[in-house]
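Please read the structure below before turning to the comments.
Residue numbers (this note's numbering), protein chains in the order written: chain A, 1 to 559; chain B, 1001 to 1045.
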């Protein structure tokens, strides 16, 4: 990294932090701190919703996913527009009418305090762990490729977020997210044009798409109905709908974003904004990955992207050198075939399969030599391209994109965690002093506490081998249950608190059982289905328990 | 009661045709899926 990259990176980050802190310096009470005085317009809400969802790993990992396995991941988002519509019709008006700070407050009004505390607790557990990983995941990639200190990178991301989230609360989060999202999209567009610029002169965009298509990267839709497959059109539309209903409708980190809207209309527009732009945005990021793949057909890619994972001595092993030299030969042969005027598609596909096979052999050999070697390196692909092909200055901007994405999602999470702890636990069970200044101070201290906890989780995350994978599915483990309770509340008017509470506990037990049975390979289930299973179990058990309670009451009154 | 009345007033002031928005969003999703299906069929190996 050059001096200019450092200047761009530091200027962007500091400008965002100072802007967020300065614009919200007048926060005096809990309402303005947690809801931003209901002053956000639809564009800020829409960008803020998108920024909260898009973490740094979205921008690091998604292009790598397209590079490795094509653009099918976009199907994951197909349920999102319908979820936006349902939230806009059913969830939003109720939250607005009741003037709640957190989604879980509504559950006390609808059921009882047990259900409120139960769902708020599930949220705190899942989001609390996720906040740490939101910091850790980009930090490990940045520290590996740039040779930065991992602990310092975690502290930098976490520390900057704490500064403006504590000082400005919800409004600071939304305002900074608006600018962070602008920087993110600007940076990604710039990266896209540089990817195209890295193609040989005879290859343009349409030829690039054609090459990506011939090599299997443009297979977007999978129409097979297979429960084991993670990304098909059906899992996206059905299980995705449940996931996004739960995430956007009941996860406080998202609910808090649109509860800060000026009016119900502004909040609804913010949701529509997200519904319209989310899929094209994900498609674009995946498309960048597919074009990076095309670029690496002509600019020799490293045989593995996570090169720092093992020491240089290991990489000098004879077997590895042999595989790499074969890999280079196949690369040159394929490059010539692609540039030749008329080459059979099957020849190119055959050479690509050979190249992939050599890459896999190299990884397998590395794993044999070094037991600690992490063979999954798709998260490193995009950043490797950025560092090798982008001009100085733009590298700094792209790093600012990654930091911005990490900070925007972490800020949303910390803000929501502090709100839920303050409103649903501190003020509810411990002390409702009625003193606005004191409550505000408690809320700020809780933001710091959650921020410190997130940094601690990030700093120790490396000790747990499968933590990233675990936290990726953590949302799905808890979201189904939470959504089930909310669906009971909205659509099953005769269900009472006891039935909803027991249904919630049952739902959680069933989802956890499904997860462990999947982990121990007793059954095979895509994790997206946990959302459907959790919701349906809560609803079914809730209805059965309510029928049982009604029967008991009938018998009691007859006696 | 006052709050509920206030909310009703603000909701009744909203003249946005939300049904059109919702249908528009669904049609936009269908168009995107159709385009993706077309691309997929074009390049299925």
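All C-beta atoms, glycine included, are put in the ideal place defined by N, C-alpha and C.
By the Cβ neighbour-count rule, residue 1030/B is exposed, with fewer than 16 other Cβ atoms within 10 Å of its own. Look at residue 268/A: its C-beta is under 8 Å from a C-beta on chain B. The CB of residue 336/A never comes closer than 9 Å to any CB in chain B; the least such distance is about 21 Å.
For residue 40/A, the beta-bridge partners assigned by DSSP are 261/A.
Straight-line spacing of the CA atoms in residue 334/A and residue 90/A works out to 55 Å. Contacts with chain B at 8 Å (Cβ-Cβ) do not include residue 230/A. Within 8 Å of the CB of residue 81/A, the CB atoms of chain B belong to 1025, 1026, 1028, 1029, in sequence order along the chain. Contact of residue 276/A with chain B is assigned, a C-beta pair being separated by under 8 Å. Annotated three-state conformation of residue 369/A is helix, per DSSP. At a cut-off of 8 Å between beta-carbon atoms, residue 289/A makes no contact with chain B.
For residue 219/A, the neighbours in chain B by C-beta distance under 8 Å run, in chain order, 1040, 1043, 1044, 1045. In the three-state reduction of the DSSP assignment, residue 1026/B falls in the helix class. Between residue 473/A and the set 361/A, 430/A, 519/A, 221/A, the nearest pair of CA atoms involves 519/A. DSSP, reduced to helix, strand and coil, places residue 240/A within a helical segment of the structure shown. In this structure, residue 246/A places its C-beta atom within 8 Å of the C-beta atom of residue 479/A. Remark: C-beta atoms of residue 170/A and residue 35/A approach each other more closely than 8 Å.
When DSSP states are grouped into helix, strand and coil, residue 354/A belongs to the helix group. For residue 78/A, the nearest CB of chain B lies under 8 Å from its own CB, placing it at the interface with that chain.
When the beta-carbon positions are compared, residue 218/A and residue 401/A stay at least 8 Å from each other. For residue 272/A, the nearest beta carbon of chain B is closer than 8 Å to its own beta carbon. In this structure, the CA atom of residue 367/A is about 18 Å from the CA atom of residue 144/A. Relative to residue 296/A, the option among 17/A, 415/A, 140/A, 382/A whose CA is nearest is 382/A. Nearest to residue 74/A by C-alpha distance, out of 240/A, 26/A, 283/A, is 283/A. Scanning 395/A, 137/A, 38/A, 201/A for the CA closest to the CA of residue 410/A turns up 137/A. Judged by their CB atoms, residue 300/A and residue 328/A are nearer to each other than the 8 Å cut-off. Against residue 85/A, the close residues of chain B are 1022, 1025, in the order they occur along the chain (beta-carbon pairs closer than 7 Å).
Within a 10 Å sphere around the beta-carbon of residue 40/A sit 16 or more other beta-carbons, which makes this residue buried. Here the stretch 253-271 of chain A makes contact with the stretch 39-57 of chain A; the two share three or more CB pairs at distances below 8 Å.
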